[in-house]
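The structure under discussion appears below in the form of structure tokens.
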Amino acid sequence: MNNKLLIYNTLSKKKEVFTPINPPLVGMYVCGPTVYGNPHLGHARPAITFDLVFRWLKYLGYKVRYVRNITDVGHLENDADEGEDKIAKKARLEELEPMEVVQYYTNSYHAAMRMLNVLPPSIEPHASGHIIEQMAMIRKILEAGYAYESNGSIYFDVEKYNKKHPYGILSGRKVEDLIAASRELEGQEEKKNPFDFALWKKAAPEHIMRWPSDWSDGFPGWHMECSAMGTRYLGEEFDIHGGGMDLLFPHHESEIAQSVAANGKMPVRYWMHNNMITINGQKMGKSLGNAVSLDEFFSGKHKLLDQAYSPMTIRFFIMQAQYRSTLDFSNEALKAAEKGFQRLTAAIDELDKLKANETATDTVNIAALKEKCYEAMNDDFNSPVLIAHLFEGVKTINSIKDGKLQIDQDNLAVLKETFSTFVNDILGLRPETETADGSDSITGKLIETLIGLRQEARLNKDFAAADQIRDKLADIGVILKDTKEGVEWNLE
RNA sequence: GGUCUCGUGGCCGAGUGGCUAGGCAGGGGUCUGCAAAACCUCGUACAGCGGUUCGAAUCCGCUCGAGACCUCCA
Numbered sequence: 079m080n081n082k083l084l085i086y087n088t089l090s091k092k093k094e095v096f097t098p099i100n101p102p103l104v105g106m107y108v109c110g111p112t113v114y115g116n117p118h119l120g121h122a123r124p125a126i127t128f129d130l131v132f133r134w135l136k137y138l139g140y141k142v143r144y145v146r147n148i149t150d151v152g153h154l155e156n157d158a159d160e161g162e163d164k165i166a167k168k169a170r171l172e173e174l175e176p177m178e179v180v181q182y183y184t185n186s187y188h189a190a191m192r193m194l195n196v197l198p199p200s201i202e203p204h205a206s207g208h209i210i211e212q213m214a215m216i217r218k219i220l221e222a223g224y225a226y227e228s229n230g231s232i233y234f235d236v237e238k239y240n241k242k243h244p245y246g247i248l249s250g251r252k253v254e255d256l257i258a259a260s261r262e263l264e265g266q267e268e269k270k271n272p273f274d275f276a277l278w279k280k281a282a283p284e285h286i287m288r289w290p291s292d293w294s295d296g297f298p299g300w301h302m303e304c305s306a307m308g309t310r311y312l313g314e315e316f317d318i319h320g321g322g323m324d325l326l327f328p329h330h331e332s333e334i335a336q337s338v339a340a341n342g343k344m345p346v347r348y349w350m351h352n353n354m355i356t357i358n359g360q361k362m363g364k365s366l367g368n369a370v371s372l373d374e375f376f377s378g379k380h381k382l383l384d385q386a387y388s389p390m391t392i393r394f395f396i397m398q399a400q401y402r403s404t405l406d407f408s409n410e411a412l413k414a415a416e417k418g419f420q421r422l423t424a425a426i427d428e429l430d431k432l433k434a435n436e437t438a439t440d441t442v443n444i445a446a447l448k449e450k451c452y453e454a455m456n457d458d459f460n461s462p463v464l465i466a467h468l469f470e471g472v473k474t475i476n477s478i479k480d481g482k483l484q485i486d487q488d489n490l491a492v493l494k495e496t497f498s499t500f501v502n503d504i505l506g507l508r509p510e511t512e513t514a515d516g517s518d519s520i521t522g523k524l525i526e527t528l529i530g531l532r533q534e535a536r537l538n539k540d541f542a543a544a545d546q547i548r549d550k551l552a553d554i555g556v557i558l559k560d561t562k563e564g565v566e567w568n569l570e
């Protein structure tokens with residue numbers, strides 16, 4: 079187990095060996111949701127991706143401080159520096175306090191994350207709770223001369239910054255290209271250049287969310303929160319910063335510029351970006367109107383969905399693709415994931431019941447399988463390859479069960495440990511169906527009784543009666559399987 | 001228009017110079033009263049055209065197609 083963890087770094091566009099700044103400590107910051115709407119499948123992707131990263135780093139023995147923010151202020155509609163705050167707009171439309179909107183959608187985000195078995199981060203800071211830190215950082219940028227005041231608002235001077243530091247180092251953009259590509263938008267006369275971004279915005283009179291500052295009653299710009307909170311909890315330099323690929327520019331690019339301007343150093347060693355969920359080949363996004371919320375997946379109530387999909391099906395579906403690839407949503411693909419996941423969990427049930435055979439002659443070697451699982455995760459968190467290896471294990475388990483293979487005590491122990499580690503702890507998958515051992519409940523006893531009656535019918539070769547019992551049980555969601563060891567049942 | 005990414009069998013999706021990815025669906029078989037499950041087995045895929053090479057899905061060039069970012073989105 080001496081292989082190294084490789085992480086694809088967006089900054090270098092290469093896989094790099096992961097070397098933390100202060101081992102065994104690891105600092106990781108991931109951009110969380112702007113809480114103005116129900117969480118959708120697109121939110122699940124980064125949450126699950128970085129949950130996997132979090133779990134694996136911890137498994138490797140690192141002490142991880144995982145910070146995932148809640149954006150509850152400063153995220154504007156339309157142009158980054160104009161338009162209404164998303165939260166404030168929702169509050170106005172629904173006649174709620176902005177913080178009511180924030181609380182409501184934060185709750186629903188948390189609920190969805192729990193369903194998906196996403197571990198809570200170590201710290202979940204709110205932007206609105208860190209206005210002081212954001213103002214302090216803006217002051218440092220002003221003192222360093224990389225920002226200017228205009229009519230009560232503070233803007234970052236991209237052109238000046240770019241003379242000493244490359245603006246575009248992360249996204250591969252050049253300021254000259256930005257000039258050419260920038261559109262003429264209204265209300266930008268305050269800025270020296272259209273691509274300058276707001277650090278602080280003076281609030282219009284009708285704006286509800288506002289704080290007093292040295293410059294005006296206003297609110298921080300969107301990019302400020304992540305820089306300020308990342309610095310606050312992880313230091314001026316930390317290990318990993320993650321988020322969706324759509325945040326690469328301008329959000330993350332601007333974070334780098336802000337931190338370099340304020341602190342004089344690159345804030346992050348490894349930038350990680352998950353790719354998008356697509357639907358019919360197009361990005362799933364709230365503004366595109368093709369987003370399906372997680373609740374709709376769990377209930378099946380959406381016109382694009384043929385059926386409901388359980389949280390673990392969604393989780394498995396997402397992890398069957400590498401995080402840097404786009405993942406295309408379709409009912410067919412989700413159903414395939416559902417079946418595959420059922421096959422995996424069924425094998426895990428069997429694994430508990432397997433017996434070792436000490437006189438085994440052609441016993442299987444599990445150590446190699448475990449090693450391959452380990453290598454897959456160390457290769458930039460390659461969950462689809464990990465899952466492929468686990469399915470090799472599934473085949474092994476089923477063959478042992480069928481008596482076609484034998485396993486000794488040591489290998490059986492390793493096999494159980496491997497599945498427990500990689501399926502439960504790392505992939506974070508948990509079984510969803512109730513197993514057949516619920517025979518101590520009244521319901522269980524009733525089912526066992528009916529199975530007994532069916533077995534009598536079968537002995538008497540009264541197959542019509544036997545099949546009728548099986549069909550009726552199936553109607554209420556109890557599935558029977560006749561095996562060599564007897565009848566197994568589980569709930570659908 | 002600029003920057004970038006990608007095009008893998010019926011579907012999803014790994015791999016990225018020579019060695020079976022895997023899952024789902026489908027065909028055939030074993031087992032079973034039947035069914036289900038499981039196991040065995042089959043399909044002979046890498047957008048197109050050219051080039052490099054002993055050898056390319058994998059490298060290079062061109063063509064076609066798709067997508068992302070450049071404005072809020074995870």
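Per this note's numbering, the very first residue in the first sequence carries number 79; after that it's consecutive. Just so it is clear, CB atoms sit at the ideal spot from N, CA and C, and this is done for glycine as well.
Practice prompt. Quick one: residues in its chain with C-beta nearer than 8 Å to the C-beta of Leu130, no 5 flanking neighbours on either side, listed in chain order?
Written response: As a position in the first sequence, residue 130 is number 52, starting the count at 1. Answer for Leu130: Met397, Tyr401, Phe459, Ser461, Ile504, Leu505, Gly506, listed in chain order.
Worksheet entry | Alpha carbon of Asn456 to alpha carbon of Ile247, nearest angstrom | Working through the first sequence from its first residue, we reach residue 456 at position 378. Working through the first sequence from its first residue, we reach residue 247 at position 169. So the alpha carbons of these two residues sit roughly 26 Å apart.
Worksheet entry | Beta-carbon proximity of Leu422 to Val472, cut-off 9 Å | Start at 1 with the first residue of the first sequence, and residue 422 comes out as number 344. Start at 1 with the first residue of the first sequence, and residue 472 comes out as number 394. In this structure, the beta-carbon distance from Leu422 to Val472 falls below 9 Å.
Worksheet item: So, is Thr496 buried or exposed, given that buried needs 16 or more other C-beta atoms within 10 angstroms?
Response: For the purposes of this step, residue 496 is identified with residue 418 of the first sequence, where counting begins at 1. Per the 10 Å Cβ criterion, buried.
Fill in: CB of Ser186 within 9 Å of CB of Pro124, strictly
Sequence index remark: in the first sequence, residue 186 carries index 108 (1-based). Sequence index remark: in the first sequence, residue 124 carries index 46 (1-based). For Ser186 and Pro124, no; Cβs fall outside 9 Å.
Worksheet item: Lys218 by DSSP, collapsed to three states: which one?
Response: Taking the first sequence and counting its residues from 1, the one referred to as residue 218 is at position 140. Here Lys218 sits in helix by DSSP.
Fill in: Close beta carbons around Leu83, own chain, < 6 Å, minus the five adjacent residues each side
For this step, residue 83 is matched to residue 5 along the first sequence. If we look at Leu83 and ignore the five residues flanking it on each side, its Cβ neighbours are Phe96, Asn456.
Item to complete: Taking Ile165 and Asp150 to be in contact with their CB atoms under 8 Å, please state how far apart those CB atoms are, rounded to whole angstroms.
Response: Counted from its first residue, the first sequence places residue 165 at position 87. Counted from its first residue, the first sequence places residue 150 at position 72. Contact flag correct, Cβ pair sits at about 6 Å.
Worksheet entry | Anticipated Cβ contact below 8 Å, Met193 with Phe376, distance rounded | Taking the first sequence and counting its residues from 1, the one referred to as residue 193 is at position 115. Taking the first sequence and counting its residues from 1, the one referred to as residue 376 is at position 298. About 7 Å separates the two Cβ atoms, so the contact holds.
Worksheet item: If you compare alpha carbons, which of Asp317, Phe407, Lys361 is closest to Leu383?
Response: Translated into the one-based positions of the first sequence, residue 383 becomes position 305. Among Asp317, Phe407, Lys361, the Cα nearest to that of Leu383 is on Phe407.
Discussion item. So for Met79, helix, strand or coil by DSSP?
Written reply: In the first sequence, counting from the first residue as 1, residue 79 sits at position 1. At Met79, the pLDDT of 39 sits below 50, so the modelled position is not reliable; the number obtained from the coordinates is stated separately. Looking at Met79 - three-state DSSP - the assignment turns out to be coil, as it is neither helix nor strand.
Worksheet entry | Inter-stretch contact at 8 Å, needing at least 3 Cβ pairs: the segment 248 to 256 / the segment 282 to 301 | no
Worksheet entry | Euclidean distance between Cα positions of Leu551 and Ile557 | Position 473 of the first sequence, counting from 1, holds the residue named residue 551. Position 479 of the first sequence, counting from 1, holds the residue named residue 557. Answer to the nearest angstrom: the Cα atoms are 7 Å apart.
Worksheet item: Who are Thr561's beta bridge partners in DSSP?
Response: In the first sequence, residue 561 corresponds to position 483, counting from 1. Its beta-bridge partners are Gly564.
Discussion item. Taking the alpha carbon of Gln385 as the reference point, which residue from Lys364, Ser403, Glu410 has its own alpha carbon closest?
Written reply: Residue 385 sits at position 307 when you count from the first residue of the first sequence. If we check each option's Cα against that of Gln385, Glu410 comes out closest.
Worksheet item: Who are the near neighbours of Gly115 in its chain, counting only those whose CB is closer than 7 Å to its CB and skipping five residues on each side?
Response: The residue given as residue 115 occupies position 37 in the first sequence. Taken in chain order, the residues that qualify are Tyr183, Lys364.
Worksheet item: Which residues mark the beginning and the end of the beta strand (DSSP E) in which Lys92 is found?
Response: Within the first sequence, the letter at position 14 stands for residue 92. Taken as a continuous stretch (DSSP letters only), the beta strand (DSSP E) holding Lys92 covers 92 to 95.
Worksheet item: Just the Cα atoms here: how many angstroms apart are Val104 and Lys136?
Response: Residue mapping note: residue 104 aligns to position 26 of the first sequence, counting from 1. Residue mapping note: residue 136 aligns to position 58 of the first sequence, counting from 1. The straight-line gap from Cα to Cα measures roughly 9 Å.
Worksheet entry | Backbone secondary structure at Glu428 - three-state DSSP | The count along the first sequence starts at 1 and reaches residue 428 at position 350. Helix.
Worksheet item: Could you give the C-beta distance for Phe275 and His301, rounded to a whole number, given that I count them as a contact under 8 Å?
Response: The count along the first sequence starts at 1 and reaches residue 275 at position 197. The count along the first sequence starts at 1 and reaches residue 301 at position 223. Yes, they are in contact, since the Cβ atoms of Phe275 and His301 sit about 6 Å apart, within 8 Å.
Discussion item. Using CA atoms only, rank isn't needed, just tell me which of Asn271, Met307, Tyr348 is closest to Arg146.
Written reply: Against the first sequence, residue 146 aligns to sequence position 68. That would be Met307, whose Cα lies nearest to the Cα of Arg146.
Worksheet entry | Status (buried if at least 16 other CB within 10 Å, exposed otherwise) for Lys360 | Locating residue 360 in the first sequence gives position 282, counting from the first residue. For clarity, residue 360 is Gln in the given sequence; the question names Lys instead. Per the 10 Å Cβ criterion, exposed.
Discussion item. What does the Cβ neighbour count give for Ala190, buried or exposed, with the cut at 16 atoms within 10 Å?
Written reply: Against the first sequence, residue 190 aligns to sequence position 112. Answer is buried; the Cβ neighbour count reaches 16.
Practice prompt. Tell me whether Thr561 is buried or exposed, calling it buried when 16 or more other Cβ atoms sit within 10 Å of its Cβ.
Written response: Numbered from 1 along the first sequence, position 483 holds the residue referred to as residue 561. Exposed, since its Cβ has fewer than 16 Cβ neighbours within 10 Å.
Practice prompt. Sort out for me which residues DSSP pairs Val108 with in a bridge.
Written response: Position 30 of the first sequence, counted from the first residue, corresponds to residue 108. Bridge partners of Val108: Arg146, Gly320.
Fill in: Residue burial classification, Leu468 (beta-carbon count within 10 angstroms, cutoff 16)
Within the first sequence, the letter at position 390 stands for residue 468. Classification for Leu468: buried.
Practice prompt. Measure the alpha-carbon distance for Lys381 versus Leu372 and round it to whole angstroms.
Written response: For the purposes of this step, residue 381 is taken as the residue at position 303 of the first sequence. For the purposes of this step, residue 372 is taken as the residue at position 294 of the first sequence. In this structure, the straight-line span from the alpha carbon of Lys381 to that of Leu372 is close to 14 Å.
Discussion item. So, with DSSP's three-state summary, where would you put Ala514?
Written reply: As a working mapping, residue 514 is identified with position 436 in the first sequence. In this prediction, Ala514 has a pLDDT of 49, which is less than 50 and means its spatial position is unreliable; what the coordinates show is noted afterwards. The answer is coil: DSSP assigns Ala514 none of H, G, I, E or B.
Item to complete: Tell me Asn41's beta-bridge partners as DSSP assigns them.
Response: The structure shown does not extend to residue 41, since the chain is modelled only from 79 to 570, so the question has no answer here.
Practice prompt. Go ahead and label Thr309 buried or exposed: buried means 16 or more other beta carbons lie within 10 angstroms of its beta carbon, across all protein chains shown.
Written response: Taking the first residue of the first sequence as 1, we reach residue 309 at position 231. Buried.
Fill in: C-beta atoms of Ile210 and Leu277 nearer than 9 Å
The count along the first sequence starts at 1 and reaches residue 210 at position 132. The count along the first sequence starts at 1 and reaches residue 277 at position 199. It is not a contact, given that the beta carbons lie outside the stated cut-off.
Discussion item. By the DSSP assignment, the alpha helix (DSSP H) with Gly250 in it spans what residues?
Written reply: In the first sequence, residue 250 corresponds to position 172, counting from 1. Neither: Gly250 is in no alpha helix (DSSP H) and is coded neither H nor E.
Fill in: alpha helix (DSSP H) runs wholly inside the segment 356 to 422, at least 4 long, in chain order
372 to 377, 389 to 397
Fill in: For Ala225 and Gly152, believed in contact at Cβ under 8 Å, the rounded distance
Looking up residue 152 in the first sequence gives position 74. Looking up residue 225 in the first sequence gives position 147. With 8 Å as the limit, Gly152 and Ala225 do not qualify as a contact, their Cβ atoms being about 16 Å apart.
Discussion item. If distances are taken between C-alpha atoms only, which option among Glu331, Ile232, Leu312, Gly250 comes closest to Ser291?
Written reply: The residue labelled residue 291 in the question sits at position 213 within the first sequence. Nearest C-alpha to Ser291: Ile232.
Fill in: The beta strand (DSSP E) enclosing Trp278, as first and last residue numbers
In the first sequence, counting from the first residue as 1, residue 278 sits at position 200. Counting along the chain, the beta strand (DSSP E) containing Trp278 begins and ends at 276 to 280.
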